[in-house]
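Right, one structure below, let's go through it.
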Amino acid sequence: MSTGQESKVLELKALRVEDPFWSPEMDLVRRTVLPYQWRTLHDQVPGAAPSYCVHNFQAAARLTAKRAEAGEDFTPPDSTPRGFEMLPPDPASADPDRFYGYVFQDSDFSKWVEAAAYAIAQRPDPELEARADELIDLVCAAQQPNGYLDTYYILNGLDGAFSNLRDHHELYCFGHLAEGAVAYWQATGKDKLLRAACRFADLIDETFRDDGGCQGYPGHEIAEMALFRLYEATGEERYRDLAQRFLDRRGQRPYYFDAEHGETPAAPKDLRYQYHQAHLPVRKQKEAVGHAVRAMYLYSGMADSARLTGDKAMWTACRTLWKDVTGRKMYVTGGVGSTEAGEAFTFAYDLPNDTAYSETCAAVGLVFFARRMLQMEPKAAYADVMERALYNGVLSGMSADGEKFFYVNPLEVRPDACGKDPRKAHVQARRQPWFGCACCPPNLARLVMSVGQYAWTFGEDTLYAHLYLGGEVKIPASWGTVTVRTESGLPREGNYTVRFTENCPEAFTLAVRIPQWCDENFSVNAGEDAERWKKDGYLYLRKRWQAGETVEFRFDMSVRWIAANSAVWEDAGKICASRGPLVYCLEEADNGPNLHLLRADNMLGDMLVDKQLPEGQKYVEIDAVGIRLFGEQGGSLYDPYVFPKAELFTLRFIPYYLWANREEGEMRVWLTAKERPKIQRDELIDLDAVAERHPKEWGAQ
Ligand code: FUB
Ligand code: ZN
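If you read the sequence shown in my numbering, its first letter stands for residue 1148, the second for the next number, and so on.
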């Protein structure tokens, strides 16, 4: 099945980002995050949780060399799988031959190398490339002759390989390895890591064959989308088929994970299946359940499957799941995952702000899912969500100096509660230098460095602009290459310009998304003689463009006050500020303590103020008229109600992604709206009259 509108991701080298907002973010990753992550991989950052990633590869490489010397039957000294190895207090006291850290520690390398690849593709960097090559040599030296490459089992006993697909992460580590390998090959032309990933993929293909092979599938998804990517990069159909096999097996009964662990089967709604999205066959899944990152990666793989295999039922399932995630289970920041228990989805409209999980990786995963949906059908609704997650739930994961990170991204924080309330033990008021489970920072880094591959895709003689980034893109058209340069003022200003640099001998289509947040208030200049139509939130302009021709968009960037669906209990009666793609929040640093006593005024007037953080990030602050209540309700815990005293107050909102870059303090995204005006008893007799007298407040129909 084809939608007839499929589009492709641009080659890494076919795009360059030069953008006042994204270039500094990318430079931050290049200059600070990548070197910092490299040092953490090597356990060289004092005070940060050790990673043991390089340690484990070194130990595995030594063991692999010993095995090669001794012949294949060399047995490591202790081949009993040991379960998770607790981190020793200090890397210096670690046994050099043992595995430490989480079972998925290898993936830290793969994500780092993927981000490094994108950095190199944007701008040659011999030093970074040399570091990457050195690490790649180490990783490849750990690979077994049969292609196996996971240090946990190499060091703890290969006889246990693929024996705990549910909890251990070999297929997850493989997935990240394959993604990193493809990116590095595309960026540098060097295929050493790609060959290693393919050898591992070949072993997995053989191990998991239908006839007589292991019938399992990944406990933590990602291998699916990684295999589709490997297939697209190499053209090797076995990788596509293996990905499809993994998707087809998930949720089939009897449950593989029960058999693997000798557990008694339970009903599909049992959380232990839902956690892995293994409760139902994927085409029958209608609701997002379980671990949010796993879910996002699974749905991304499903969307790839729909596009690359034409599987109609798969596509229908993707659309249904998309609606459930984004229509009922997504925070206004694009974060997903409402509970710390299982890092998971809960139920529709359950979006608590102060206990939110909203893992950075889950927002990253939602961006992956969104881009894949867009590749199937260019609908602005997908890009709106992609943009929401990217500018808010993803970017909030990194500090302005690029040295600290959030794993959990709450929408409301009261710092004293974080340390005292076990229900909020996962919530931090400050970003951390690193994590023992360091999935998020490198995930964020690889996404930021490849943001261009989310901004544009291309179809037949068509360029789609989903996000507004400045830069240059080269698109293959039927007659040759079309090069366009773009400029963007977002998210500060609403201007976006596309300039054609050469004559197009034939008609070519430019399709630009009209963002939901501009409420159709936009102007477009030039391209007047172009054939023009609107479809699914994109404006299409088609003509034989001439060199130098520009198309200029200007989107309305007024402040928008947003309310959540009234089924969201936690947000009832509250509003949140947004401008362009950015969601805003209140911080104690600007508004003083007790943010819970602030109320939005009915007639929020707003003013935009240019600000800059010491790290250089420029942003637009929103100042709006609000009200501060005095928390002087009696002296006892409970007293008779008195109407609260209040004063007018200037509410200062900053972009959510920049919160927690100053002194520690309270933060909240949703603000209680001022109560309705008091009405007289006699007014209640005639509700229509009330509405007439207070049209703004009571919305007379
Ligand atoms: O299990 C690997 C990663 O660690 C997951 O994606 C994150 O949620 C964290 O649990
Ligand atoms: Zn994470």
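The C-beta atom is built at its ideal place from N, Cα and C for all residues, glycine as well.
Cβ atoms of residue j and residue i: under 9 Å apart, would you say?
i: V1629; j: W1603; result: no
i: V1472; j: F1516; result: yes
i: Y1199; j: V1260; result: no
i: V1096; j: L1285; result: In the structure as shown, the chain begins at 1148 and stops at 1848. Residue 1096 is therefore absent and cannot be evaluated.
i: P1167; j: G1636; result: yes
i: P1243; j: A1206; result: yes
i: G1540; j: A1510; result: yes
i: Y1107; j: L1468; result: The requested residue 1107 is not part of the displayed model; the chain covers only 1148 to 1848.
i: V1816; j: L1760; result: no
i: Q1333; j: A1406; result: no
i: F1375; j: L1455; result: yes
i: G1763; j: A1547; result: yes
i: H1423; j: R1397; result: yes
i: N1672; j: E1699; result: yes
i: A1308; j: R1177; result: no
i: Y1141; j: R1387; result: Residue 1141 lies beyond the residue range present for the chain, which begins at 1148 and ends at 1848; the question has no answer from this structure.
i: P1589; j: K1160; result: no
i: A1370; j: F1404; result: no
Exposed or buried, which one is residue i when buried takes at least 16 other CB atoms within 10 Å?
i: D1352; result: buried
i: L1686; result: buried
i: H1438; result: buried
i: F1605; result: buried
i: Y1788; result: exposed
i: H1613; result: buried
i: V1164; result: buried
i: E1839; result: exposed
i: G1566; result: exposed
i: T1411; result: exposed
i: N1712; result: exposed
i: R1679; result: exposed
i: V1645; result: buried
i: A1289; result: buried
i: N1650; result: exposed
So what does residue i bridge to, in DSSP terms?
i: N1672; result: E1699
i: E1634; result: T1644
i: W1708; result: A1724
i: Q1759; result: K1765
i: D1770; result: M1754, R1799
i: V1730; result: S1725
i: A1491; result: H1438, T1486
i: G1606; result: T1609
i: M1814; result: V1560, E1734
i: Y1685; result: R1660, K1682
i: P1623; result: T1628
i: R1690; result: Going by the sequence as given, residue 1690 is Lys instead of Arg. DSSP output for K1690 lists F1655 as bridge partner(s).
i: A1793; result: L1776
i: V1156; result: T1604
i: A1747; result: G1773, A1820
If you draw a straight line from the C-alpha of residue i to the C-alpha of residue j, how long is it?
i: C1723; j: V1715; result: 14 Å
i: D1770; j: A1820; result: 16 Å
i: Y1529; j: D1451; result: 15 Å
i: P1662; j: F1553; result: 28 Å
i: E1158; j: Y1299; result: 34 Å
i: C1587; j: V1440; result: 10 Å
i: S1154; j: A1495; result: 31 Å
i: A1536; j: G1194; result: 31 Å
i: A1348; j: A1491; result: 29 Å
i: A1847; j: I1801; result: Annotation note: pLDDT 40 at A1847 (below 50); position unreliable, coordinate value reported separately. Using only the alpha carbons, I get a separation of about 33 Å.
i: G1773; j: H1743; result: 12 Å
i: A1279; j: S1597; result: 17 Å
i: K1758; j: E1768; result: 6 Å
i: G1618; j: L1162; result: 7 Å
i: A1343; j: D1297; result: 12 Å
i: T1138; j: Y1615; result: What is shown of the chain runs 1148 to 1848, which leaves residue 1138 out entirely.
i: P1638; j: H1426; result: 41 Å
i: M1544; j: V1532; result: Just to set this straight, residue 1544 is Gly in the shown sequence, not Met. Distance between the alpha carbons of G1544 and V1532: 17 Å.
i: A1442; j: R1726; result: 29 Å
Would you check whether the ligand PLP has a heavy atom nearer than 8 Å to the C-beta of residue i?
i: N1590; result: Although the ligand PLP was asked about, the structure shown includes only the ligand FUB and the ligand ZN as ligands.
Taking the runs of the alpha helix (DSSP H) that are 4 residues or longer, which of them lie wholly in the region 1527-1591?
Runs found: 1527-1535, 1562-1567.
Could you pull out every unbroken alpha helix (DSSP H) segment of at least 4 residues lying fully inside the region 1263-1314, listed in chain order?
As far as the region 1263-1314 is concerned, its whole alpha helix (DSSP H) runs of at least 4 residues are 1273-1288, 1298-1303.
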